[in-house]
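Just so you know, the protein sequences line up as chains A and B, in that order.
Take the numbering used here: the last position of the first sequence gets the number 83, and nothing is skipped along the way.
Take the numbering used here: the last position of the second sequence gets the number 647, and nothing is skipped along the way.
Don't be surprised by glycine CBs; every beta carbon is placed ideally from N, CA and C.
Since the structure is predicted, the reported quantities are computational estimates derived from the model, not experimental observations.
Structure, as structure tokens:
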Amino acid sequence: MSKPIQLHLLRPGQRAVITKVNGNGALRRRFVEMGIVKGETILIERHAPLGDPIEYFIKGYHLALRKEEAANIEVTLHGESHG
Amino acid sequence: MTNMTITTSPLFQLDYGGKIEREIAKLIAAFDELGFDTARYPKRWLALKLLEADEDILQRVSEMPNGDRVIARARQGANHLKDMLGDDVDLLTADRRYGYINGVVRQSFHRPLMDRIALTDRIDDIVTHKWLGLPVFFAVMYVVFRLVIDVSSPFLDWTDAVINGPIARLFRFILDLVTAPAWIHSLVIDGIVAGVGGVLVFVPGLLILYFFLALLEDSGYMSRAAFVMDRFMRVVGLHGKSFIPMILGFGCAVPAIYATRTIPSRRDRVLTALLVPLMSCSARLPVYVVFGLAFFGARAGTVIWAMYALGIVVAMLAGMVFTRTILKPDVTSAFVLELPPYRQPALKSVLIHMWENTREFVRKAGTTILLASIVMWTLLSLPWGVSNPRDSYFGRVSGALSPLFAPLGFGNWETGGALVSGFMAKEIVVSTLSQVYVGGEEKPIEEPTTFGKELTVIGRGFVEAAVGSGKILLSILPGVNLVDEEAAGEDTALSLALREHFTPLSAVALLVFVLLYVPCVATLGAIKHEFGRSWAATSAVYQTVVAWLAAFLVYQGGRLLGLG
Chain A
1 MSKPIQLHLL RPGQRAVITK VNGNGALRRR FVEMGIVKGE TILIERHAPL
51 GDPIEYFIKG YHLALRKEEA ANIEVTLHGE SHG
Chain B
84 MTNMTITTSP LFQLDYGGKI EREIAKLIAA FDELGFDTAR YPKRWLALKL
134 LEADEDILQR VSEMPNGDRV IARARQGANH LKDMLGDDVD LLTADRRYGY
184 INGVVRQSFH RPLMDRIALT DRIDDIVTHK WLGLPVFFAV MYVVFRLVID
234 VSSPFLDWTD AVINGPIARL FRFILDLVTA PAWIHSLVID GIVAGVGGVL
284 VFVPGLLILY FFLALLEDSG YMSRAAFVMD RFMRVVGLHG KSFIPMILGF
334 GCAVPAIYAT RTIPSRRDRV LTALLVPLMS CSARLPVYVV FGLAFFGARA
384 GTVIWAMYAL GIVVAMLAGM VFTRTILKPD VTSAFVLELP PYRQPALKSV
434 LIHMWENTRE FVRKAGTTIL LASIVMWTLL SLPWGVSNPR DSYFGRVSGA
484 LSPLFAPLGF GNWETGGALV SGFMAKEIVV STLSQVYVGG EEKPIEEPTT
534 FGKELTVIGR GFVEAAVGSG KILLSILPGV NLVDEEAAGE DTALSLALRE
584 HFTPLSAVAL LVFVLLYVPC VATLGAIKHE FGRSWAATSA VYQTVVAWLA
634 AFLVYQGGRL LGLG
């Protein structure tokens, strides 16, 4: 099992499992509403043309987060995936 | 009805697991024990929300009798659960809910909509591509901008013509019939009909704007645009979705302010609305053109371009200042944005969207514009019987204000009056100056006309407008040009007069002032409608102060450099 890492540091194509959701009350609640919860698998899709925000694939839908917000989410690497 | 209780259906109740269920049961028992009347809320739901520490519910309960004791109990329970299970209750319950949902989905749902998802991925590979994403975005914006501004303009002219032609004539006819006194005549025609006209000229543009905004939103592209532009807009403290209102501001600030509705957080909406009026709208262009040609001839283009650029630069600076002072980013500005699969917008929903938003503009901002128009009429016509506008209350107010403009290089009564009337709409600055310096246009003698003839004229005008916008629509395609180049009529009489009263330096100072000073009454009406009186006042005050300072710097700075 690899060490926890902040979500925004991963590269497109990498797949990870969420281990912890930090952040203040309102932001964390927003995350939970969007399905960002412990144990969920998340795939890093792509960076926006200017590098930020980043698009993710989680729970069968696409979600964009700024790096600043994604830094609140801790994950462990689950492997690479292309396709 | 007020004591109606909602009972949860016994058919389904999610089991949150022994430990959480025990705390729920304990809290429900505590409601009765502490003499707390749960009133309109289902008990189980309320207990759950209290354990989850839902801010809205905590607030409501704390205002109810014995609420604070209930909250203290709930906090105990929540802490107990956190000690045992290692997480906040809201995360634990969310886990349970998602777990349940996953189970249901796995049992009932098989490889859905794969075609649409595959298509969405393929479109996104292009529109959010590293290199193509921005060019695609700018191309889409260019097309929408052209459509909204150009396609609506023939209909705008038609609306204007119908109101000032047949409608005004109809009212005049009725007023003559009942032999109304002259002042009622003037109030109705110059005050009310002109005011209603001032509201309705926005309608064609708004209808078309809302149509395209609904298309972008419903198709799913709007989220991609926000995704692509967010980093850029954040420099100024804005949200990715602020870009569309800013672009629309180059056409007209009124629809642009209403377009801020697509931005999720109120703080971002307010900041966008404060910056939108700094984009040079199409009403300011005639002012730039007339002065540019009068003083700079062949180099007029550079002056006009500089005005557009100055507006953008001031907006960026203002955005940075607001972000650090009265509009600090808050939690609601967080960028958590779903990128939904692309879908075909439903025509009905697009049309409803377009109709409802436009109707709201007419009802709310319309009242402000109409009121301002009547106030303006009153100031211009009192004391009753004035023949020279200079002697009216309006003239006296303008005269009193003009010393304020002296340090900016244009302290005469005429310019003061033009700027004051420019508050109604900025293009009026030019027509007022032309009226004062060159003399008003002769009104054409109206031919007697019949009701039937009027209807034909209205109908023919509409068809011509439709054909006109059809031609413009086609000319957006590269290589097709069906639109006549507008003859650049040299207004020599006005140019000469302007050169007598302005120097090139004071002309530039005036242009800077016109660009930046108080947004027109329609824009302020829209801001007031969307964000309330105090934000409209903020907008008016900060822009006027910035305009005065900028024009002062240009004029006095220029004089120091020996340009005056």
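Below 7 Å between beta carbons is the criterion; list the residues of the region 40-51 of chain A that meet it against any residue of chain B, in chain order.
Those would be ARG46, ALA48, PRO49, LEU50, GLY51, in chain order.
Strictly by DSSP, which residues pair up with B:LEU420?
Answer by DSSP bridge pairing, in chain order: A:ALA64.
Three-state secondary structure (DSSP) at B:VAL591?
In the structure shown, the three-state DSSP call for B:VAL591 is helix.
Beta-carbon proximity check, B:VAL234 vs B:ILE291, cutoff 8 Å:
At the C-beta level, B:VAL234 and B:ILE291 come within 8 Å of one another.
Along the region 173-202 of chain B, where does the CB come closer than 8 Å to a CB of chain A? Name the residues.
So the close ones are ASP173, LEU174, ALA177, ASP178, TYR181.
Is A:HIS47 helix, strand or coil by DSSP?
Strand.
From the DSSP output, read off the bridge partner residues of B:GLN142.
For B:GLN142, which the question treats as bridged, DSSP gives no partner whatsoever.
Taking C-beta pairs closer than 9 Å, name the residues in chain B that A:MET65 reaches, listed in chain order.
Per the sequence presented here, residue 65 of chain A reads as Leu, with Met not at that position. Within chain B, the residues placing a beta-carbon under 9 Å from that of A:LEU65 are ALA417, PHE418, VAL419, LEU420, ordered along the chain.
Using a Cβ-Cβ cut-off of less than 8 Å, list which residues of the region 217-235 of chain B approach chain A; keep chain order.
From the region 217-235 of chain B, only LEU217 have a Cβ closer than 8 Å to chain A.
Name the two residues that bound the continuous alpha helix (DSSP H) containing B:GLU135.
From DSSP, B:GLU135 is part of no alpha helix (DSSP H); its letter is neither H nor E.
Between B:ASP313 and chain A, is the shortest Cβ-Cβ distance under 8 Å, so that the two count as touching?
Interface residue, yes.
Is B:TYR425 buried or exposed, if buried means 16 or more other CB atoms sit within 10 Å of its CB?
Counting Cβ neighbours within 10 Å, B:TYR425 comes out buried, since at least 16 surround it.
Which residue marks the beginning of the alpha helix (DSSP H) containing B:PHE635, and which one marks its end?
Where B:PHE635 is concerned, the enclosing alpha helix (DSSP H) stretches over 616-643.
Quick one: grab the DSSP three-state call for A:TYR56.
Judged by DSSP in its simplified three-state form, A:TYR56 adopts strand.
Can you tell me which of B:ASP166, B:LEU393, B:SER191 puts its alpha carbon nearest to the alpha carbon of B:VAL637?
Answer by Cα proximity: B:LEU393.
Neighbour-count burial assignment, B:SER589, 16 or more Cβ in a 10 Å radius:
Per the 10 Å Cβ criterion, buried.
Kindly list, in the order they appear in chain C, the residues whose Cβ is closer than 9 Å to that of B:GLU138.
Protein chains A and B are contained in the structure displayed, whereas chain C is not.
By the DSSP assignment, the alpha helix (DSSP H) with A:ALA16 in it spans what residues?
No alpha helix (DSSP H) holds A:ALA16; the beta strand (DSSP E) holding it covers 14-21.
By Cβ distance below 7 Å, which residues in the same chain neighbour B:GLY303 in space, the five residues on each side in sequence not counted?
These residues qualify, in order along the chain: PRO423, PRO424, TYR425, ARG426.
To the nearest angstrom, report how far apart B:GLY274 and B:ALA342 are at their CA atoms.
B:GLY274 and B:ALA342 have their C-alpha atoms roughly 29 Å apart.
Where does A:ILE42 fall in DSSP's three states?
It is a strand residue.
Quick check on A:HIS62 - is its C-beta less than 8 Å from some C-beta in chain B?
Yes, A:HIS62 counts as interfacial toward chain B.
For the region 300-329 of chain B, which residues have a CB atom closer than 7 Å to at least one CB atom of chain A, in sequence order?
Residues passing the 7 Å Cβ filter: PHE310, VAL311, ASP313, ARG314, PHE315.
B:LYS109 to B:ARG152, Cα distance in whole Å?
Between B:LYS109 and B:ARG152, the C-alpha separation is close to 14 Å.
Exposed or buried, B:ARG367, counting other C-beta atoms within 10 Å across all chains shown (16 or more means buried)?
Buried: at least 16 other Cβ atoms inside 10 Å.
For B:GLN518, name the three-state secondary structure that DSSP assigns.
Note: B:GLN518 maps to helix in three-state DSSP.
With distance defined between alpha-carbon atoms, name the residue in A:ILE73, A:GLU68, A:HIS78, A:ILE36 nearest to A:HIS62.
That would be A:ILE36, whose Cα lies nearest to the Cα of A:HIS62.
With a CB to CB cut of under 7 Å and the five nearest residues on each side skipped, what residues in its chain are close to B:MET459?
The residues MET507, in chain order, have a CB closer than 7 Å to that of B:MET459 in the same chain once the five nearest residues on each side in sequence are set aside.
Beta-carbon gap between B:PHE596 and B:ALA634 smaller than 8 Å:
Going by C-beta atoms, B:PHE596 is nearer than 8 Å to B:ALA634.
Give me the Cβ distance between B:GLY320 and B:PRO412, rounded to the nearest whole Å; I'm assuming they're in contact under 8 Å.
B:GLY320 to B:PRO412, Cβ: 7 Å. Contact.
At a Cβ threshold of 8 Å, is A:GLY13 touching chain B?
For A:GLY13, the answer is no, since every Cβ of chain B falls outside 8 Å of its Cβ.
For B:VAL373 and A:ALA71, I'd like the C-alpha separation in whole angstroms.
In a straight line, the C-alpha of B:VAL373 is about 53 Å away from that of A:ALA71.
Outcome for B:LEU175 when other beta-carbon atoms lying within 10 angstroms are tallied against a minimum of 16
It is buried - the Cβ of B:LEU175 has at least 16 other Cβ atoms within 10 Å.
Using DSSP bridges, identify the partner residues of B:VAL231.
Answer by DSSP bridge pairing: none, since B:VAL231 is not bridged.
Starting from B:ARG180, trace the alpha helix (DSSP H) both ways and give me its first and last residue.
From DSSP, the alpha helix (DSSP H) with B:ARG180 extends over 172-191.
Chain B partners of A:GLU69, CB-CB under 7 Å?
Ordered by position in chain B, the residues that pass the 7 Å Cβ test against A:GLU69 are ALA417, PHE418, VAL419.
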